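Peer 1: Residue 188 is where the sequence shown starts when you use the numbering used here, and the numbers rise one by one after that. Below: one structure in structure tokens.
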Amino acid sequence: MFSFKYAFKSGIGKAFICLAFLALLFSFPPAVDVGSAAEVTGDPNTGLPDYLILSWTEDPLTTQTISWRTGTDITQNRVQYLPAAGFSGSFEGALEVTGERKDLYEGHFRFEATLRELAPGTEYVCRVGREGAWSEPASFTTAKTDDQFSFLYMGDVQEGYAFWGEMLEHIAAENPDLKFALLGGDLVDQGHSAAEWQEFFAAAWPVFRKIPLMPAVGNHDDSELFRKSFALPRNGPQGYEHTIYSFDYGNSHIAVLNSNFMGIPGVGDYEKVANWLINDLENSGQRWKFLVFHHPPYPVVYDWRADVLQEHWVPLFEQCGVDMVFVGHQHVYMRTKPLRDGRVQPDGEGIVYIMGNAGTKYYGPGPGFDYIAKELAWVSNYQIIEINGDILTLTAKDDKGQIIDSYTMIKETADQKINLTLSRKTAEAGESIIASGQTAPLAWVPLKIIDEAGNIVFFDAVKADENGNYSIAFNVPAGASGILTVVVGEGSNVTAGTVTVTQAYNLLSAEAEPSDIPVGDTFTVAVKIENIRDVQGYQVTLKYDPAYAEYKGYQVNFKPNEWKVEDIKEGEITVGNLVLGDTPWEQDSGALVEIEFESRHPGSIEGGVYD
Numbered sequence: 188m189f190s191f192k193y194a195f196k197s198g199i200g201k202a203f204i205c206l207a208f209l210a211l212l213f214s215f216p217p218a219v220d221v222g223s224a225a226e227v228t229g230d231p232n233t234g235l236p237d238y239l240i241l242s243w244t245e246d247p248l249t250t251q252t253i254s255w256r257t258g259t260d261i262t263q264n265r266v267q268y269l270p271a272a273g274f275s276g277s278f279e280g281a282l283e284v285t286g287e288r289k290d291l292y293e294g295h296f297r298f299e300a301t302l303r304e305l306a307p308g309t310e311y312v313c314r315v316g317r318e319g320a321w322s323e324p325a326s327f328t329t330a331k332t333d334d335q336f337s338f339l340y341m342g343d344v345q346e347g348y349a350f351w352g353e354m355l356e357h358i359a360a361e362n363p364d365l366k367f368a369l370l371g372g373d374l375v376d377q378g379h380s381a382a383e384w385q386e387f388f389a390a391a392w393p394v395f396r397k398i399p400l401m402p403a404v405g406n407h408d409d410s411e412l413f414r415k416s417f418a419l420p421r422n423g424p425q426g427y428e429h430t431i432y433s434f435d436y437g438n439s440h441i442a443v444l445n446s447n448f449m450g451i452p453g454v455g456d457y458e459k460v461a462n463w464l465i466n467d468l469e470n471s472g473q474r475w476k477f478l479v480f481h482h483p484p485y486p487v488v489y490d491w492r493a494d495v496l497q498e499h500w501v502p503l504f505e506q507c508g509v510d511m512v513f514v515g516h517q518h519v520y521m522r523t524k525p526l527r528d529g530r531v532q533p534d535g536e537g538i539v540y541i542m543g544n545a546g547t548k549y550y551g552p553g554p555g556f557d558y559i560a561k562e563l564a565w566v567s568n569y570q571i572i573e574i575n576g577d578i579l580t581l582t583a584k585d586d587k588g589q590i591i592d593s594y595t596m597i598k599e600t601a602d603q604k605i606n607l608t609l610s611r612k613t614a615e616a617g618e619s620i621i622a623s624g625q626t627a628p629l630a631w632v633p634l635k636i637i638d639e640a641g642n643i644v645f646f647d648a649v650k651a652d653e654n655g656n657y658s659i660a661f662n663v664p665a666g667a668s669g670i671l672t673v674v675v676g677e678g679s680n681v682t683a684g685t686v687t688v689t690q691a692y693n694l695l696s697a698e699a700e701p702s703d704i705p706v707g708d709t710f711t712v713a714v715k716i717e718n719i720r721d722v723q724g725y726q727v728t729l730k731y732d733p734a735y736a737e738y739k740g741y742q743v744n745f746k747p748n749e750w751k752v753e754d755i756k757e758g759e760i761t762v763g764n765l766v767l768g769d770t771p772w773e774q775d776s777g778a779l780v781e782i783e784f785e786s787r788h789p790g791s792i793e794g795g796v797y798d
């Protein structure tokens, strides 16, 4: 008996990697402890506004968000503002925005207002309150499209608020051009204590009424009062809008995360937050990318969370082109060497992690992990980050203003614009495609695939060789349809191509005529298919027993006639159309090819599928 089997295939590739993201630890903070009235405020019924804090909820170029506290149950508070250039001491004729009132804790309320349609790079003067109960004038300056600016980073405050406040005022006086401040979590020790938050804001607002404050949440302050106390961008993943967010300033993008929920795939909201972070970082064209969160992926002393962060978060940071990560939690100062793939890299080729500690709670030094470039225990500290185009300079100082560390990071400018060639322009879900091209030598090349809904459905990154050549293989995601956009590069050096996802083609049968064949007679095997429009780059493999039949030739039935025998082995014949292009077949179903054999042994024909 002569039998044959066939296989219909369309390429070889790796399994598609579906990126997702993170959640693990769920904690339930105690109820809010408001303390006594004397602990919270000296006179809760004056109605005078205090704790005026600047932040951003929208674009720093043209908006400014202001929040403040009152101690009286009033419904109307507002902001009056005007350009500083026109301010003579009077707010007559000033613009006004009504604040939105929010419950804070017993006897106290917080108002917030966002001023819009401001002029970039302009100083304004403002006050908050109502007739008979106005704050002292404050000032702020909107951002400008500039790649030269500086900002402040501080790790845990948690204890020693008055000491910290004095240090803050010294920093502001010494660095009058700071544009904003980042805090890395654990702003207070007991997040449910209104009295502690009052101590924090009493120390914070003399400085942060002048420059915007953008905090991360820590494990000590992850509470309802953190969420009630700050006006922050609500652009994070659903359910995390108060503690996960991002914003741009100048040529930099800053994403703030909640590391209390940085967990493992399949647990909690890992996938939700991961997808948000990937989209957030990859859709940013800013030159510098920074992250801020509380727990360190690379610790001074061992922390079990670091294992989780290194395995499930750090690869995302690296693939998305993050430059520097600001953390806290372990109450020392620490700077890592550049790290990538868990190994120390040359300068400019890895992420640098900065751990700060701004308060008066101190831990001792660690065992001296080899990834640490600088470590200093038992000292309150802060970091000034200066951006000058492609040059970042970090200066770490102690509470006396003495330099304890400095570091410079330089971004290499890509002299060669990236280009892209896709090995296929049409493919089915699961099929392999190779993206290749040239860019600057040794440059990292991120690749993302975006579906028609705008979702990033695949991400990877490789490093170009010394000649600038790169190659990234990927599989068309399962369930994909329509047109996928393939984007390579980062910042302003990007290019894109498209892949049209086609439907699977259904091989109906492989039939032989006649069914009983005398020795020496010829017969044909017809391979039939339906839904064959736009078939290109496909192969059909037939297997047979050479003791029963000898291959003689083939005939193409479909047009254009690019189908041909690609390979002949004893007992196996591969025919196919490996032409790439967009020309559709003239027919939609029928026999692709007819293969002619000569019988070598009496018997009958039987067909089957070769997987």
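Using N, Cα and C, we set each Cβ at its ideal position, and we do this for glycine too. Small disclaimer: the values here were computed from a predicted structure and weren't measured.
Check Asp171 in the structure and name its three-state DSSP category.
Peer 2: Nothing in the structure corresponds to residue 171, since the chain is present only between 188 and 798.
Peer 1: Assuming the contact rule is C-beta atoms closer than 8 Å, Glu283 and Gln267 should be a hit. Round their C-beta distance to whole Å, please.
Peer 2: 5 Å
Peer 1: Let's test the definition: count the other Cβ atoms within 10 Å of the Cβ of Asp708 and tell me whether it reaches 16, buried, or not, exposed.
Peer 2: exposed
Peer 1: What are the boundary residues of the alpha helix (DSSP H) that Gln506 is part of?
Peer 2: 501–506
Peer 1: What do you get for Lys587, buried or exposed, if any count of 16 or more other CB atoms within 10 angstroms of its CB means buried?
Peer 2: exposed
Peer 1: Is Val509 near the ligand GTP - that is, is its Cβ less than 7 Å away from at least one heavy atom of it?
Peer 2: Among the components of this structure there are no ligands whatsoever, and the ligand GTP is therefore not found.
Peer 1: Keeping to the same chain, check which residues put their C-beta closer than 6 Å to that of Phe388; ignore five residues upstream and five downstream.
Peer 2: Tyr238
Peer 1: Ordered along the chain, which non-local residues of its own chain (more than five positions away) have a Cβ less than 8 Å from that of Leu496?
Peer 2: Annotation for Leu496: Ser446, Met449, His482, Pro483, Pro484 place their beta carbon closer than 8 Å to its own, counting only its chain and skipping 5 residues before and after.
Peer 1: Ile253 and Leu235 - do their beta-carbons sit closer together than 8 Å?
Peer 2: no
Peer 1: Who pairs with Met814 in a beta bridge, going by DSSP?
Peer 2: The structure shown does not extend to residue 814, since the chain spans only 188 to 798, so no value can be given for it.
Peer 1: Taking 8 Å as the threshold, find out whether the region 507–521 comes into contact with the region 557–573 through three or more Cβ pairs.
Peer 2: Output reads yes: the region 557–573 touches the region 507–521.
Peer 1: Would DSSP call Lys476 helix, strand or coil?
Peer 2: strand
Peer 1: To the nearest angstrom, report how far apart Ala614 and Leu444 are at their CA atoms.
Peer 2: 37 Å
Peer 1: Once the 5 residues before and after Glu573 are set aside, which same chain residues still bring their CB inside 6 Å of it?
Peer 2: Ser337, Thr580
Peer 1: Skipping 5 residues on each side, what residues in its chain have a beta carbon closer than 6 Å to that of Pro399?
Peer 2: Closer than 6 Å at Cβ, skipping near neighbours: Leu241, Ser242, Trp243, Phe367.
Peer 1: With a threshold of 16 other CB atoms inside 10 Å of the CB of Trp491, please say whether the residue is buried or exposed.
Peer 2: Trp491 counts as exposed, since fewer than 16 other beta carbons sit within 10 angstroms of its beta carbon.
Peer 1: Nearest CA to the CA of Arg256: which residue from Arg288, Phe477, Phe504?
Peer 2: When each option's Cα is compared against that of Arg256, the closest is Arg288.
Peer 1: Within 10 angstroms of its Cβ, does Ser275 collect 16 or more other Cβ (buried), or is it exposed?
Peer 2: exposed
Peer 1: Within the same chain, show all residues whose beta-carbon is closer than 6 Å to that of Glu428, passing over the 5 residues directly before and after it, in chain order.
Peer 2: Arg421
Peer 1: Taking the alpha-carbon positions, what's the Ile637 to Asn466 distance?
Peer 2: 10 Å
Peer 1: Gly529 to Gly537, Cα distance in whole Å?
Peer 2: 10 Å
Peer 1: Taking contact to mean at least 3 C-beta pairs separated by less than 8 Å, is the region 320–329 in contact with the region 391–409?
Peer 2: yes
Peer 1: Would Lys739 and Glu677 be called neighbours here (beta carbons separated by less than 8 Å)?
Peer 2: no
Peer 1: Any idea what DSSP makes of Gly308, helix, strand or coil?
Peer 2: coil
Peer 1: Among residues of its own chain, excluding the 5 on either side of Glu785, which ones have a beta-carbon nearer than 6 Å to its beta-carbon?
Peer 2: Thr709, Glu737, Lys739
Peer 1: How many Å lie between Leu269 and Phe646 at the Cα?
Peer 2: 46 Å
Peer 1: Would you report the Cα separation of Pro525 and Tyr340, rounded to the nearest angstrom?
Peer 2: 19 Å
Peer 1: Taking only the alpha-carbon atoms, compute the straight-line gap between Asn438 and Gly294 and give it to the nearest angstrom.
Peer 2: 42 Å
Peer 1: Opposite Ile253 in the DSSP bridges: which residues?
Peer 2: Leu241, Ala300, per the DSSP bridge assignment.
Peer 1: When burial is assigned at 16 or more other CB atoms within 10 Å of the CB, is Tyr731 buried or exposed?
Peer 2: buried
Peer 1: Counting C-beta neighbours from all protein chains within 10 Å, is the total for Ser410 16 or more, i.e. buried, or is it exposed?
Peer 2: buried
Peer 1: Nearest to Ser277 by CA position, among Gly258, Ala300, Cys313, is which residue?
Peer 2: Cys313
Peer 1: If you run the structure through DSSP and keep just helix, strand and coil, what is Trp565?
Peer 2: Assigned with DSSP and collapsed to three states, Trp565 falls in coil, not helix or strand.
Peer 1: Taking the CB atoms as reference points, tell me whether Val675 and Ile620 lie closer together than 8 Å.
Peer 2: Result no, Cβ atoms of Val675 and Ile620 do not sit closer than 8 Å.
Peer 1: Does the distance from the C-beta atom of Ala391 to that of Leu369 stay below 8 Å?
Peer 2: no
Peer 1: Between which two residues does the alpha helix (DSSP H) harbouring Leu412 extend?
Peer 2: 411–416
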